[in-house]
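Below you'll find the structure, written out as structure tokens, and then a few comments.
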Amino acid sequence: MALNRDDQSPLFAPGVAGTLRLIVYLALACVLMVLDHRGGWLPSVRYGLSLVVEPVYRIAGLPSQGFHAATVAFADRQRLTDQNQRLREDLLLANAKLNRMASVAEQNQRLKELLDTQHSLSLNVQLARLIGVDLGSFRHRIVLNVGARDKVKTGQVVIDARGVMGQIVEVMPTTSVAMLITDPNHAIPVTIERTGLRTIAYGSRAGDMLLLPNIPVSADVQVGDKLVTSGLGGRFPVGFPVGEIRDVAQTPSGTFLSAQAKPAADLDRSEDVLLLHDLAEVDGPPAPAPDVGPPASLAPDPNATLPAVTSPTAAPVPAKPATAASPAGGTP
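Residue numbers 1 to 332, in full-length UniProt numbering, belong to the letters of the sequence shown in order.
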């Protein structure tokens with residue numbers, strides 16, 4: 001659409017006046033450029049004007065700068081939050097791996113101790129893992145991952161690297177149940193290693209102690225004495241650690257001494273145990289001595305015919321000679 005004459009710019013308006021005005025403006029621009037190039041006075045003018053205009057530019061740019069700063073700050077905060085969260089997760093994962101490695105190292109140490117126990121004592125043993133625990137006021141038992149298919153039998157002794165733990169009381173096809181020595185229904189014959197005194201250690205409801213209630217008053221029992229299996233009864237082999245005396249006191253009746261012992265085995269920490277296949281020798285009266293007689297080479301053959309025995313002929317007794325009488329009629 002064509003513009004009306006009234007809508008056109010006066011600078012480029014047609015006619016002589018408009019052309020002269022344009023020429024004047026161009027000439028003035030050329031003069032200013034020459035003066036600026038030769039005199040150098042316009043930079044000082046620009047510098048002074050910049051001092052006035054710069055605050056205006058800064059004020060005008062404050063909203064944009066503030067928005068940009070807020071955006072950057074929010075982005076940085078979000079990035080730092082995400083980075084902090086990742087670092088926390090990595091730290092938790094690293095701690096979990098470290099704890100796992102420590103647990104594996106501890107487990108390897110226990111397995112090494114079990115193997116050392118087996119090799120040092122030359123025992124016929126079977127390795128088993130604990131998969132269940134039943135620790136109450138009246139039952140102290142554990143469940144193992146071996147059973148009848150692994151040739152486990154009732155009565156087998158359960159030990160760890162530090163001492164006796166208990167014995168198998170129930171066998172199932174793939175698992176078995178062992179009664180700990182701290183069970184209230186359990187008793188184990190023991191010997192005080194220092195003095196050789198034999199007694200019985202019973203379980204207690206406390207779950208972490210053994211009771212020895214029938215020690216003679218005259219017995220020498222001290223705190224710190226070691227308890228080992230005595231072998232009586234033929235169930236537990238001789239010489240396995242059982243516990244350590246922690247307290248000795250006289251019974252209310254005054255007829256016996258009562259002691260408490262801490263089990264030597266790690267009943268609350270062991271995860272791998274050993275099942276003994278070798279039963280203890282019965283510690284009782286000696287076997288009767290064999291009959292003593294002549295050697296078999298000198299014994300008579302019962303099927304041989306004995307020769308007839310003839311009695312020797314008696315020799316004749318010579319006659320006694322007569323004695324001559326004396327003249328006086330008396331004996332000589």
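Every residue gets a Cβ at the ideal spot worked out from N, C-alpha and C, and that includes glycine.
Any chance the CB of L267 is under 7 Å from a heavy atom of the ligand GTP?
-> Of ligands this structure carries none, so the ligand GTP is not represented either.
Whole runs of the beta strand (DSSP E) within the stretch 125-205, excluding any shorter than 3 residues | Whole beta strand (DSSP E) segments, 3+ residues: 125-135, 140-144, 157-159, 164-171, 176-180, 187-192, 198-203.
Within its chain, find whatever has a CB closer than 7 Å to the CB of G207; leave out the 5 residues flanking it on each side and keep chain order.
-> The residues L135, H140, T182, in chain order, have a CB closer than 7 Å to that of G207 in the same chain once the five nearest residues on each side in sequence are set aside.
Cβ-Cβ distance between P213 and S258 below 8 Å | Yes; because the gap between Cβ atoms is below 8 Å, this pair is in contact.
Thinking C-alpha only, which one of G155, G147, A128 is nearest G234?
-> Ranking G155, G147, A128 by Cα distance to G234 puts G155 first.
Is it true that the stretch 223-230 meets the stretch 239-249, where meeting means three or more beta-carbon pairs spaced less than 8 Å apart?
-> Enough Cβ pairs lie closer than 8 Å, so yes.
Decide if S218 is buried, meaning its Cβ has at least 16 other Cβ atoms within 10 Å, or exposed.
-> By the neighbour-count rule (16 or more Cβ atoms within 10 Å), S218 is not buried but exposed.
Residues bridged to L212 [DSSP beta-bridge criterion] | Looking at the DSSP output, L212 shares a beta bridge with A259.
Minimum length 4: unbroken alpha helix (DSSP H) runs contained in the stretch 42-112 | With a minimum length of 4 residues, no continuous alpha helix (DSSP H) run stays inside the stretch 42-112.
So what does DSSP say about R269, is it helix, strand or coil?
-> Here DSSP, grouped into helix, strand and coil, assigns R269 to coil.
Can you tell me the Cα-Cα spacing of D268 and P252, whole angstroms?
-> The straight-line gap from Cα to Cα measures roughly 32 Å.
Distance, V157 Cα to T175 Cα | Going by C-alpha positions, T175 is about 15 Å away from V157.
When we look at the beta-carbon of A70 and count the other beta-carbons within 10 Å, is it buried (16 or more) or exposed?
-> So A70 counts as exposed.
When the distance is taken between beta carbons, is I131 closer than 8 Å to residue 384?
-> With the chain covering only 1 through 332, there is no way to say anything about residue 384.
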